[in-house]
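Visitor: Provided herewith is a single structure, encoded as structure tokens, for subsequent inquiry.
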Amino acid sequence: MLTRKQLELLLFINERLKEDGVPPSFEEMKSALNLQSKSGIHRLILALEERGFLRRMPNRARALEVIKLPDSHQSLSSRRNFSPNVIQGNLGKVRPIPQASDGGPRTAVVPVMGRIAAGVPISAIQDHTHNISVPPEMLGSGEHFALEVKGDSMLNAGIFDGDTVLIRKGATANNGDIVVALVDDDEATLKRLRRKGDSIALEAANPAYETRIFGPDRVKVQGRLVGLIRKY
């Protein structure tokens, strides 16, 4: 599944190829998608290449080829109100289960909102896929949601590929917290947050991955890690 920005860029490139026979420049792409830097365009093109939608032609400037379009992509006009927030509506509210008739312990129902990247950022989380039951003492106060981890960049923090992380929804976090971060309103990732002056660093817990540093306006905290569930 493509993110809003990825789909917008793919369709923009496709239209320009059909109209002019050549793809748009990086400056034109940046303006069309209302991005602040060309680095954002580079990331989107790389993501489209990795997903098999675009191909860059070697040794040729501005040489892009659209390989395919999504089978059921929406028109841009129908996607204007799309917002890549991690939680939609009140899906983050924890719903307690009444105590069992046999006197067993109470549990809480937490919505699983899809997957989060512990590695290369993936599409912003949108979909409520299913629910899980957890002990209420794992959660505390506030609204919570769960995400399935994909990738190994948080390996040394004890977070493995396939784990399920419990996240307390919120827009703030302390220095050093592991958070769900939304980058450029487009891609979500699970990283440790560090504030360095006017910049925000998203740190991996695996030396194979580099720390990424952004301006404060490019990163939005969606919640912080409060628990983890692992299946054996």
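This note's numbering numbers the first residue of the sequence shown as 1341 and each following residue consecutively.
From the three backbone atoms N, C-alpha and C, an ideal C-beta is built for every residue, glycine too.
Run the CB neighbour count on M1397, radius 10 Å, all protein chains shown included, and call it buried at 16 or more, exposed below.
Guide: M1397 comes out exposed.
Visitor: What did DSSP end up calling G1502 once you bin it into helix, strand or coil?
Guide: DSSP places G1502 in coil when its eight states are reduced to three.
Visitor: On the three-state DSSP scale, how would you describe P1410?
Guide: Here P1410 sits in coil by DSSP.
Visitor: Would you tell me roughly how many angstroms separate the C-alpha atoms of P1410 and L1384, rounded to the nearest one?
Guide: If you take the alpha carbons of P1410 and L1384, they lie about 15 Å apart.
Visitor: Starting from K1490, trace the alpha helix (DSSP H) both ways and give me its first and last residue.
Guide: Element bounds for K1490: not the alpha helix (DSSP H) but the beta strand (DSSP E), H1484 to K1490.
Visitor: Can you give, in chain order, each stretch of the beta strand (DSSP E) that sits fully within the region 1538-1564 and has at least 3 residues?
Guide: 1539-1543 and 1552-1554, all fully within the region 1538-1564.
Visitor: State the DSSP-derived secondary structure class of L1394, mapped to helix, strand or coil.
Guide: Three-state DSSP puts L1394 in a strand.
Visitor: Between which two residues does the beta strand (DSSP E) carrying E1527 extend?
Guide: E1527 to K1536 is the extent of the beta strand (DSSP E) around E1527.
Visitor: Would you list the one or two residues that DSSP bridges to M1379?
Guide: Reading off the sequence, residue 1379 comes out as Ser, not Met. In DSSP, S1379 forms no bridge with anything.
Visitor: Pairing CB atoms from the region 1349-1360 with CB atoms from the region 1388-1397, are three or more of them under 8 Å?
Guide: The region 1349-1360 is in contact with the region 1388-1397.
Visitor: Just the Cα atoms here: how many angstroms apart are E1359 and E1390?
Guide: Going by the C-alpha atoms only, they are around 25 Å apart.
Visitor: In the DSSP assignment, what are the bridge partners of N1471?
Guide: In DSSP, N1471 forms a bridge with P1451.
Visitor: Distance check for L1386 and P1363, CA to CA, integer angstroms please.
Guide: The alpha-carbon atoms of P1363 and L1386 are separated by roughly 16 Å.
Visitor: According to DSSP, R1508 sits in a beta bridge with which residue or residues?
Guide: DSSP output for R1508 lists H1484 and R1564 as bridge partner(s).
Visitor: Have a look at V1449 and I1499 and give me their C-alpha separation to the nearest angstrom.
Guide: Roughly 22 Å between the two C-alpha positions.
Visitor: Alpha carbon to alpha carbon, how far is L1568 from P1436? Give it in angstroms, no decimals.
Guide: With a pLDDT of 49 at P1436, under the threshold of 50, the modelled position of that residue is not reliable, and no figure is offered here.
Visitor: H1470 and R1508: beta carbons closer than 7 Å?
Guide: No, Cβ-Cβ distance for H1470 and R1508 is not below 7 Å.
Visitor: Between the alpha carbons of I1456 and Y1572, how many angstroms are there, rounded?
Guide: The straight-line gap from Cα to Cα measures roughly 20 Å.
Visitor: How would you label S1493, buried or exposed, when you count the other beta carbons within 10 angstroms and need 16 or more for buried?
Guide: It is buried - the Cβ of S1493 has at least 16 other Cβ atoms within 10 Å.
Visitor: Answer yes or no: do T1447 and S1481 have a C-beta to C-beta separation smaller than 7 Å?
Guide: No, they are not a contact pair.
Visitor: Run through the DSSP bridge pairs and tell me what E1405 is partnered with.
Guide: Answer is R1395.
Visitor: Among residues of its own chain, excluding the 5 on either side of R1535, which ones have a beta-carbon nearer than 7 Å to its beta-carbon?
Guide: So the list reads N1515, once near-sequence residues are dropped.
Visitor: Give every residue of the same chain whose Cβ lies closer than 6 Å to the Cβ of L1542, excluding the five residues on either side of it in the sequence, and list them in chain order.
Guide: The residues are A1521, K1531 and R1552.
Visitor: What would DSSP say about L1522, mapped onto helix, strand or coil?
Guide: DSSP places L1522 in strand when its eight states are reduced to three.
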